[in-house]
Ligand SMILES: O=C(O)/C=C(\C=C(/O)C(=O)O)C(=O)O
């Protein structure tokens, strides 16, 4: 069955460069997705966009090209709560990928066990207005309570303007909570201004709340490097990510966000995104925590190094 790709959809970069930054051994790309292929894994009828296909083989080829060893594959909203494409990618990863699924309130215990057996270790709640569905907070809390005994955590995608609205909900979650992309701060504001201070204060107050420091390309106003410009870019985002990495070194994760859903021009070179890492995690120790120790503790606890 052919799916009409959303007009203006940007496909992922066809030939990412090899990063100059050498990732530490065991590095994990802790935020990426697989899309379809739609012919085998149909996109959800309730989706808000229709992407171009981005298969597990494409993802694993990118992993090897960039120098990662493992992936955490996050269910994308275009597949709704149909986690078949995700589970298929996990099962074909040779144990090198774990997943974060989307489930609905009616999910059965056996479906949760099946997802766990495939390698799922968390659920995702999406409050970003253009992506969100209408599941009530009480139902999401119930899902969190049901997955906690499995050792799963909750990934939450929301925007900083909505943080006050969801603060109590986040505080009530009984699991580790991982906020996507630092809850999308407004990087035109000061990094020590009131808005980002309240984000930092929340992580300080709740030791179970972690943050991904990914997606500068989504958050940046200053944008990518000029053609042939310096390799590291998104200068306006770096101070925000750096502050979170240095303040909470044991509670940060990093991901490519490949294949970069809903990104407007220009599609980033994933190799260049990796080259930003030393600018947000300035020491080998901070890099090792963010890229290896933290994701291993959360997704492969049984392999604790
Ligand atoms: O992939 C991201 O982290 C960001 C986006 C989309 C999704 O995560 C999704 O559809 O699941 C977005 O901002 O549109």
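Residue numbers (the numbering used here): 960 to 1264.
Note that the Cβ used here is the ideal one computed from N, Cα and C, for glycine as well.
Keep in mind that this is a model prediction, so the values were computed, not measured.
Determine the extent of the beta strand (DSSP E) in which residue i is found, giving its start and end residues.
i: residue 1083; result: 1079–1085
i: residue 1132; result: Neither: residue 1132 is in no beta strand (DSSP E) and is coded neither H nor E.
i: residue 1114; result: 1112–1116
Ligand 1 and residue i: does the residue's C-beta get closer than 6 Å to at least one heavy atom of that ligand?
i: residue 1221; result: yes
i: residue 1216; result: yes
i: residue 1009; result: no
i: residue 1160; result: no
i: residue 1013; result: no
i: residue 1200; result: no
i: residue 1124; result: no
i: residue 1035; result: yes
Does the beta-carbon of residue i have 16 or more other beta-carbons within 10 angstroms, so that it is buried, or is it exposed?
i: residue 1183; result: buried
i: residue 1083; result: buried
i: residue 1108; result: exposed
i: residue 1089; result: exposed
i: residue 1054; result: exposed
i: residue 997; result: buried
What span of residues does the alpha helix (DSSP H) with residue i cover, start to end?
i: residue 1258; result: 1253–1258
i: residue 1157; result: 1153–1164
i: residue 1098; result: 1096–1106
Contact the region 1175–1184 vs the region 1156–1166: 3+ CB pairs below 8 Å: no
Is the number of C-beta pairs between the region 1036–1047 and the region 1122–1137 that are closer than 8 Å three or more? no
Please determine if the region 1015–1022 and the region 1192–1201 are in contact, where contact requires at least 3 C-beta pairs separated by less than 8 Å. no
Would the region 976–988 and the region 1225–1245 be scored as touching if the rule is three or more Cβ pairs under 8 Å? yes
With a threshold of 8 Å, are at least 3 pairs of Cβ atoms found where one atom belongs to the region 1023–1031 and the other to the region 1046–1059? yes
Is it true that the region 992–1011 meets the region 1239–1252, where meeting means three or more beta-carbon pairs spaced less than 8 Å apart? no
Would you call the region 1094–1107 in contact with the region 1127–1143, where contact means no fewer than 3 C-beta pairs closer than 8 Å? yes
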